[in-house]
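Residue numbers (the numbering used here): 7 to 261.
Note that CB positions come from ideal geometry on N, CA and C, so glycine has one too.
Note that the structure is a prediction, hence the values are computed from the model and not measured.
Working notes, structure below.
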């Protein structure tokens, strides 16, 4: 392997690692292959715009190094990325049910006030004021959901919330709190060694840097040569995946 990671300057190494941490190795590998395939077709046109054969060779070496470093390790790296995504999803779902439960309690509070349940109304008010800001950690948010569920389970509140979404909110609060605690446990588990992770991040960063350089050269070449297809071939679509476009709605009948 021509690429020697040990000869990199400390500043360059740190910059590559920092950049590589942002991307999964699966995506950088895909991007390296896309860029190399585009280079086979348009490489000669990029020389005058800053991306030369030596850069393409380095990209190929980095791609090969990533494959070599990822043997028996990529599944763990991918699992780490999946765990992070699962944690974010659990937090998002937890925050959503928190807002819904607070809305149910607020609606029930008015009904209880009209029924003369001033003491219960006061308890709800204290509860809503105390946790007015969502916790930013999984366990903290789970505890807030527990407190909301306990409030909804109080007999007078449960009765008032029975037709206001209370029963379903109570069920969802329980399941979302458990999901938060599950991902918190998973996220706390160690994933591989720091050296292995740093090596993958370093190689990822090198690939990202070279793919960006190729992309910039392709943009310039496409404009000057009047060949937009060059820029299209070197798009960073594997690194920055776009969400699927929504299908256009069927034209409806006029009302």
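In this structure, residue 220 and residue 240 form a Cβ contact; the two beta carbons are roughly 5 angstroms apart against a cut-off of 8 angstroms. Taking C-beta atoms under 8 angstroms as the contact rule, residue 182 and residue 103 qualify, at a distance of about 5 angstroms.
Here residue 122 carries a coil assignment [DSSP, helix/strand/coil]. Under the Cβ criterion (8 angstroms, minimum of three pairs), the segment 55-68 does not count as touching the segment 140-156.
The Cβ neighbour count for residue 123, taken over all protein chains shown within 10 Å, is at least 16; the residue is labelled buried.
When secondary structure is reduced to three states using DSSP, residue 55 falls in the helix class.
Residue 33 sits close to residue 245, with the two beta carbons spaced by under 8 angstroms.
Counting only runs of 4 or more residues that sit fully inside the segment 129-160, the alpha helix (DSSP H) segments are 144-159, in chain order.
Residue 45 sits in a helix when the DSSP states are folded into three classes. Residue 172 sits buried, since 16 or more C-beta atoms from the chains shown fall within 10 Å of its C-beta. Distance from the CA of residue 94 to the CA of residue 234, rounded to the nearest whole angstrom, comes to 38 angstroms.
Secondary structure of residue 11 (DSSP, three-state): helix. Apart from the 5 residues on each side of it in sequence, residue 119 sits with its Cβ closer than 7 angstroms to the Cβ of 127 in its chain, given in chain order. Distance between residue 66 and residue 42, taken at the CA atoms: about 7 angstroms. Exclusion of the five residues before and after residue 72 leaves 31, 34, 35, 38, 206, 209, 210, 213 as the residues of its chain whose Cβ lies within less than 8 angstroms of its Cβ.
Taking 8 angstroms as the upper bound for CB-CB distance, residue 186 and residue 242 are not in contact here, some 34 angstroms apart.
Under the three-state reduction of DSSP output, residue 117 falls in the helix class.
Taking the Cα positions, residue 139 is about 10 angstroms away from residue 150. Between residue 166 and residue 117 a beta carbon distance of about 4 angstroms is seen, short of the 8 angstroms cut, so the two are scored as contacting. In its chain, beyond the 5 residues on either side, 158, 172 have a beta carbon closer than 7 angstroms to the beta carbon of residue 164.
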